[in-house]
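Heads up: the sequence lines are chains A and B, in that order.
The opening residue of the first sequence carries number 22 in this note's numbering; numbering runs sequentially from there.
The opening residue of the second sequence carries number 22 in this note's numbering; numbering runs sequentially from there.
Down below is the structure, laid out as structure tokens.
Number of protein chains: 2
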Amino acid sequence: MSDDTGLEAQIRFLREADRLKGVVRASPLIDGSRRENSAEHSWHLALYALVLGGRADPEVDVGRVIGMLLLHDIVEIDAGDAPIHGTVDPERQGALEAAAADRIFGLLPGAQGTELKALWLEFEEGASPDARFAKSLDRFQPLVQNVAAGGGTWSEGNVSREQVHARYGPQIEAGSPSLWDYAKRLVARHFG
Amino acid sequence: MSDDTGLEAQIRFLREADRLKGVVRASPLIDGSRRENSAEHSWHLALYALVLGGRADPEVDVGRVIGMLLLHDIVEIDAGDAPIHGTVDPERQGALEAAAADRIFGLLPGAQGTELKALWLEFEEGASPDARFAKSLDRFQPLVQNVAAGGGTWSEGNVSREQVHARYGPQIEAGSPSLWDYAKRLVARHFG
Chain A
22 MSDDTGLEAQ IRFLREADRL KGVVRASPLI DGSRRENSAE HSWHLALYAL
72 VLGGRADPEV DVGRVIGMLL LHDIVEIDAG DAPIHGTVDP ERQGALEAAA
122 ADRIFGLLPG AQGTELKALW LEFEEGASPD ARFAKSLDRF QPLVQNVAAG
172 GGTWSEGNVS REQVHARYGP QIEAGSPSLW DYAKRLVARH FG
Chain B
22 MSDDTGLEAQ IRFLREADRL KGVVRASPLI DGSRRENSAE HSWHLALYAL
72 VLGGRADPEV DVGRVIGMLL LHDIVEIDAG DAPIHGTVDP ERQGALEAAA
122 ADRIFGLLPG AQGTELKALW LEFEEGASPD ARFAKSLDRF QPLVQNVAAG
172 GGTWSEGNVS REQVHARYGP QIEAGSPSLW DYAKRLVARH FG
């Protein structure tokens with residue numbers, strides 16, 4: 022592949038990524054003016070990783086975590102967002118996301134598409150230390166947003182403190198016990 | 022400072038950062054549905070760096086570039102966006118941004134606030150190889166958006182091909198001559 026063909030393919034991917042700005046999530050902005058979209062959510066998470074990276078286990082590579090977080094929702098361009106308090110069938114959602122990953126990372130030059138799709142899949146599987154920390158932030162940020170917005174998706178869905186613990190706790194704690202300690206105090210104050 | 026005080030300060034900064042999602046830029050989304058905000062623009066630029074980082078000079082640290090791009094617009098929370106085809110007084114805008122940087126990075130724990138403000142300032146000054154590549158992408162992405170949207174801010178402002186060359190060229194070329202070669206071809210096709 023000539024250099025120009027490679028660059029054309031990279032730009033095609035980057036143009037396609039623009040559509041993530043149109044995927045709306047359940048979580049609100051803190052000022053309550055509207056819901057967050059998946060592109061700005063991905064930026065916010067990458068910033069969480071930049072700021073909180075020093076709290077991860079020493080073997081965590083914060084640069085790789087940031088790369089994962091920049092990419093982690095890109096499959097939602099085809100598959101849509103599956104809200105944490107929603108009723109999406111995880112098997113069907115997983116199949117949609119896998120097909121989306123094939124199509125979207127397939128826009129890139131071959132070797133780079135393979136590499137970035139592997140980084141996305143590592144996040145999805147959540148088995149490596151980097152992926153566990155990334156997934157921890159992906160639950161921690163919406164929790165902070167909900168508390169700061171005065172309830173957010175919890176108020177809308179009548180979500181109880183016990184449900185918050187069950188739905189956010191394991192994933193946050195697996196990546197960062199200290200963030201979960203802090204989050205539990207936020208949650209206690211919110212419901213208290 | 023106890024660990025908890027430090028974490029509280031980090032979360033305060035991350036909550037404040039949410040407001041960047043409400044700063045609207047001149048550039049459109051590619052589908053023309055609305056204008057881009059500075060948070061999703063920052064995500065898109067970080068993704069540009071992740072995908073195009075291999076085209077930077079070998080001394081460029083793509084991880085640092087991504088950090089810069091995640092932070093580069095955060096001062097707009099106080100100072101607003103200064104559109105490239107607008108008439109903002111650069112001296113006044115610079116003073117507003119410097120004050121914003123003091124306030125916003127000042128929310129972080131001391132050492133981290135100093136470090137991240139220095140990274141922001143390095144971007145602003147544009148003198149290091151990392152900053153030059155980051156600033157190159159910050160001009161290249163809106164150019165790609167405008168062409169893909171069929172004109173965008175160029176059509177709105179009656180911006181000519183010569184003005185595009187003058188306003189985008191030097192900054193793109195300084196960070197990446199090969200991206201500017203490609204951009205010139207896009208621009209020629211658009212105005213051609």
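Don't be surprised by glycine CBs; every beta carbon is placed ideally from N, CA and C.
Fair warning: this is a prediction, and the values are worked out from it, not measured in the lab.
Interface residue (Cβ-Cβ distance to chain B less than 8 Å): D52 (chain A) is classified as such.
Taking the Cα positions, G107 (chain A) is about 20 Å away from A119 (chain A). Contact annotation: L73 (chain A) and Q31 (chain B) have beta-carbon atoms nearer than 8 Å.
In the displayed model, P191 (chain B) falls within a helix according to three-state DSSP. Contact annotation for I87 (chain B) against chain A: A67, L71, G84, I87, G88, L91 [CB-CB distance below 9 Å, chain order]. For the stretch 174–191 of chain A, the set of positions with a beta-carbon nearer than 8 Å to some beta-carbon of chain B is empty. For S59 (chain B) and K42 (chain B), the gap between their C-alpha atoms comes out near 6 Å.
Under DSSP, P150 (chain A) shares a beta bridge with no residue. By the Cβ-count criterion, T174 (chain A) is buried, with 16 or more other Cβ atoms from all chains shown falling within 10 Å of its own Cβ.
Neighbours of L28 (chain B) in chain A, taken as residues whose beta carbon is under 7 Å from its own, are Y203 in chain order. Closer than 7 Å at the C-beta level to chain B, one finds no residue of the stretch 99–110 of chain A. From the listed residues B:A195, B:V185, B:L128, the smallest Cα separation to D151 (chain B) is found for B:A195. The criterion of a C-beta distance shorter than 8 Å is not satisfied by N179 (chain A) and S48 (chain A). DSSP places R40 (chain A) outside any beta strand (DSSP E), giving it a letter other than H or E. Identification of chain A residues near S63 (chain B) by a Cβ-Cβ cut-off of 7 Å yields W64, ordered along the chain. Under the Cβ criterion of 8 Å, A139 (chain A) is not counted among the residues facing chain B. Residue contact with chain A for V45 (chain B): absent (no Cβ-Cβ distance below 8 Å to any residue of chain A).
Taken through DSSP and simplified to helix, strand or coil, E80 (chain A) comes out as coil.
Put simply, the CB of D78 (chain B) is far from chain A, with every gap to its CB atoms at 8 Å or more. Take the alpha-carbon of E143 (chain A) and the one of T135 (chain A): they are about 12 Å apart. Take A170 (chain B), set aside five residues on each side of it, and the residues of its chain with a beta-carbon closer than 7 Å to its own are P49, I51, G53, in chain order. Here G88 (chain A) is buried: its Cβ has 16 or more other Cβ atoms, across all protein chains shown, within 10 Å. Taking CB atoms only, D159 (chain A) has no neighbour in chain B less than 8 Å away. Residue state for R55 (chain B) is assigned as coil, using DSSP reduced to three classes. Minimum Cα-Cα distance from L71 (chain B) among the listed residues A:Y69, A:A70, A:R76, A:L90 corresponds to A:L90. Closer than 8 Å to the CB of F154 (chain B) there is not a single CB belonging to chain A. Following the DSSP letters along the chain, one finds L200 (chain B) inside the alpha helix (DSSP H) bounded by residues 198–212. Sequence-distant partners of G127 (chain A) (beyond 5 residues in either direction) whose C-beta falls short of 7 Å from its own C-beta, in its chain, are G134. Within 7 Å of the CB of F126 (chain B), no CB atom of chain A is found; the nearest one sits about 11 Å away. Residue-level contact check: R36 (chain A) touches chain B, since one or more beta carbons of chain B fall below 8 Å from its beta carbon. Taking a Cβ-Cβ threshold of 8 Å, the residues of chain B close to Q31 (chain A) are V72, L73, in chain order. Taking C-beta atoms as the reference points, Y189 (chain A) and L164 (chain A) count as a pair closer than 8 Å. Following the DSSP letters along the chain, one finds I125 (chain A) inside the alpha helix (DSSP H) bounded by residues 111–126. When secondary structure is reduced to three states using DSSP, S48 (chain B) falls in the strand class. Rounded to the nearest angstrom, the gap between the Cα atoms of A155 (chain B) and D99 (chain B) is 22 Å.
G171 (chain B) carries a coil assignment under DSSP once its states are collapsed to helix, strand and coil.
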